[in-house]
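In the UniProt record's numbering, the protein residues as written are 1 to 102.
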């Protein structure tokens, strides 16, 4: 691979990959709804997070809802550590698609 091609690939990866800043802002402000997971392309886990939050919020008045809310809260905290890995994985996949797929 030529230097020009490698530079082209890295430029496209930088332009098309998700932003860590946006992901962390979504995580901080809308993380309990799974917005950062939707942004990073993890639709199923984002939807699960949103549903758990909704169920927990709906059932909080009878105290049962605090269990799913606690799970979402723990998941939210762990995602702070997982976001860089998700972005790196997305960039590696995008890099391979551009390099081998055109």
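The beta-carbon is built from N, C-alpha and C at its ideal position, and this holds for glycine as well.
These figures come from a predicted structure and were not determined experimentally.
Is it buried or exposed, residue i, if we count other Cβ atoms within 10 angstroms and call 16 or more buried?
{"i": "residue 39", "result": "buried"}
{"i": "residue 52", "result": "buried"}
{"i": "residue 26", "result": "buried"}
{"i": "residue 5", "result": "exposed"}
{"i": "residue 31", "result": "buried"}
{"i": "residue 83", "result": "buried"}
{"i": "residue 23", "result": "buried"}
{"i": "residue 79", "result": "buried"}
If you run the structure through DSSP and keep just helix, strand and coil, what is residue i?
{"i": "residue 84", "result": "helix"}
{"i": "residue 2", "result": "coil"}
{"i": "residue 63", "result": "coil"}
Residue i lies in the alpha helix (DSSP H); which residues open and close that run?
{"i": "residue 38", "result": "35-39"}
{"i": "residue 45", "result": "43-59"}
{"i": "residue 25", "result": "20-30"}
Write down the C-beta distance between residue i and residue j rounded to the nearest angstrom, noting that I regard them as a contact closer than 8 Å.
{"i": "residue 74", "j": "residue 60", "result": "Contact doesn't hold; Cβ gap of about 16 Å is too wide."}
{"i": "residue 34", "j": "residue 50", "result": "5 Å"}
{"i": "residue 65", "j": "residue 55", "result": "7 Å"}
{"i": "residue 17", "j": "residue 87", "result": "7 Å"}
Cβ-heavy atom distance between residue i and the ligand PLP below 7 Å?
{"i": "residue 31", "result": "The ligand PLP is absent from the structure shown, which contains no ligand whatsoever."}
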